[in-house]
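One structure is given below, encoded as structure tokens.
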Amino acid sequence: MKTTDHRLKNLKAIPRSDDTTAPLAADILGVRVSTDIDAVVRSLPNRSAWLRRVITEAAQRELIKVPPAPSRRDGEGVKEPSEAQLKSLYRQSQWLTNIAFVPIHIVRLDERTGNLFILAGNEESIELQINLAGELL
Amino acid sequence: MSQVNFAAMTLDEAKHYFLAHRDDQKAFHAYMDKLQASGRAIVIDPTKPESETAAIAQMQKRLGMG
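Chains as they are written, first to last, in this note's numbering: chain A, 105 to 241; chain B, 20 to 85.
Below you can see the structure in the form of structure tokens.
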């Protein structure tokens with residue numbers, strides 16, 4: 105963190121509380137909030153990082169209209185299962201563990217196809233694929 | 020990183036390699052591709068209840084139930 109702002113030259117640099125790298129404004133953005141909100145925010149172990157993230161996200165979403173960052177960084181593809189897949193996953197999990205009494209070893213989304221893969225059974229003999237909703241086999 | 024020749028593996032070899040290397044994305048993809056090609060996976064279309072009924076019948080068979 106390097107600054108040339110004369111107002112800051114005598115201040116000791118404090119390490120940033122999060123892993124953001126964008127240059128920070130010289131002035132602190134501060135507001136008073138209701139006592140209940142104040143109490144929960146102050147209870148956070150790292151409230152500066154939290155406040156910075158929450159304000160940044162809200163400003164990007166509401167003021168700059170930046171789409172939210174993807175939840176995964178490893179390239180393109182489907183990031184999470186659809187609602188129909190999740191409901192089916194629940195039904196299969198329920199059947200496998202409460203009716204068939206077999207373990208589930210792996211649940212994993214193939215991000216290339218959006219298909220949900222489940223490996224189950226004592227001998228790992230159940231290879232189940234829950235397709236992305238509406239997609240043909 | 021990976022020098023493994025997935026193309027030369029059978030479906031079960033790819034499956035066992037993936038189970039031993041679950042953090043290897045290439046191993047997962049190789050297993051998924053071979054599984055897809057084999058037609059061995061029990062496939063569900065979550066929008067079609069009958070495909071779940073059929074899947075449960077297949078699972079019962081593979082688990083030797085009933």
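Positions of the beta carbon are idealized from the N, C-alpha and C atoms, including for glycine.
Test item: CB-CB of residue i and residue j under 9 Å
i: PHE221/A; j: GLU228/A; result: no
i: LEU147/A; j: ASP122/A; result: The displayed chain sequence assigns Ser, not Leu, to residue 147/A. Not in contact: SER147/A and ASP122/A (Cβ atoms no closer than 9 Å).
i: PRO68/B; j: ALA188/A; result: no
i: LYS183/A; j: GLU161/A; result: no
i: LYS53/B; j: LEU38/B; result: no
i: ALA74/B; j: GLN198/A; result: no
i: LEU223/A; j: HIS209/A; result: yes
Collapsed DSSP secondary structure at residue i in the structure displayed
i: LEU213/A; result: strand
i: LEU220/A; result: strand
i: ILE208/A; result: strand
i: LYS67/B; result: coil
i: VAL23/B; result: coil
DSSP bridge partner residues for residue i (one or two, in chain order)
i: VAL62/B; result: GLN233/A
beta-carbon residue i near the ligand COA non-hydrogen atom, thresh 8 Å
i: LEU38/B; result: In the structure shown, the ligand COA is absent, as is every other ligand, since no ligand is present at all.
Option nearest residue i by Cα separation, candidates the options
i: THR217/A; options: ASP142/A, SER186/A, TRP199/A and LEU167/A; result: SER186/A
i: ASN219/A; options: SER70/B, MET51/B and MET28/B; result: MET51/B
i: ALA56/B; options: ALA33/B, ASP42/B and MET84/B; result: ALA33/B
i: VAL211/A; options: ILE118/A, GLN233/A and ILE168/A; result: GLN233/A
i: MET78/B; options: ILE203/A, LEU236/A and TRP154/A; result: ILE203/A
CB contact below 9 Å: residue i versus chain B
i: LYS191/A; result: yes
Proximity test, Cβ basis, 9 Å: residue i and chain A
i: GLU71/B; result: yes
i: THR66/B; result: yes
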